[in-house]
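Sequential numbering of the sequence shown, starting at 0, is according to numbering that gives the first Met the number 0.
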Amino acid sequence: MESKDTFFKAFPVVWVVTFVVGILLWVLVSQAWGISFILGSITGLMTMSMLYKNSKIIVQTTNKEVAQKLAVKNYAFRMFFYALILVIAGVLDSLELIGTMIGLFTFKIVFYILIFFEKRGEVT
Numbered sequence: 000m001e002s003k004d005t006f007f008k009a010f011p012v013v014w015v016v017t018f019v020v021g022i023l024l025w026v027l028v029s030q031a032w033g034i035s036f037i038l039g040s041i042t043g044l045m046t047m048s049m050l051y052k053n054s055k056i057i058v059q060t061t062n063k064e065v066a067q068k069l070a071v072k073n074y075a076f077r078m079f080f081y082a083l084i085l086v087i088a089g090v091l092d093s094l095e096l097i098g099t100m101i102g103l104f105t106f107k108i109v110f111y112i113l114i115f116f117e118k119r120g121e122v123t
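1. Determine, using beta-carbon pairs with one atom in the stretch 40–58 and one in the stretch 100–114, whether at least three such pairs fall under 8 Å.
2. Smallest Cα separation from residue 96: which of 25, 66, 31, 61?
3. Just how far apart, CA to CA, sit residue 56 and residue 67?
4. Look up residue 0 in the DSSP assignment and say whether it is helix, strand or coil.
5. With three or more C-beta pairs closer than 8 Å as the rule, is the stretch 20–39 touching the stretch 78–96?
6. By the three-class DSSP mapping on this structure, what secondary structure does residue 33 have?
7. Helix or strand or just coil, what does DSSP make of residue 62?
8. Return the Cβ separation of residue 88 and residue 38 in integer angstroms, given the expectation that the two are a contact with Cβ distance under 8 Å.
9. Am I right that residue 12 and residue 113 are in contact with their C-beta atoms under 8 Å? What's the rounded C-beta distance?
10. DSSP three-state call for residue 95: helix, strand or coil?
11. Buried or exposed: where does residue 120 fall if 16 or more other Cβ atoms within 10 Å of its Cβ makes it buried?
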């Protein structure tokens, strides 16, 4: 299986993890932790989707200079969006900054776990 397939396979797994962990945090810790985790995780999903779509456009661009500018612009936008979500989580009393930060890493954690199991031959 290619890493591209693993990338796509990670999306539905992340959705399940997001809502299961979010609900568990909501029930076991607090509403703020549950919502914060879900916010961070959905933000991570959205930015990974943007990364994939933008990468396809950049790869198809024949002009190297245009492709580099587009890549930098897209990267800057994603970083700005991460910062915006983290600032909102830090400013609002109804959200937990740490919960949001953990949620932002959910996609990457699931992706690496899927790659690990794929390398061991346990995921088809």
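Backbone N, C-alpha and C define an ideal beta-carbon position, used for all residues, glycine too.
This is what the structure holds:
1. yes
2. 31
3. 11 Å
4. The pLDDT assigned to residue 0 is 44, lower than 50, so where the model puts this residue is not dependable; a value taken from the coordinates is nonetheless given after this. Coil, per DSSP.
5. yes
6. helix
7. coil
8. 7 Å
9. 7 Å
10. coil
11. exposed
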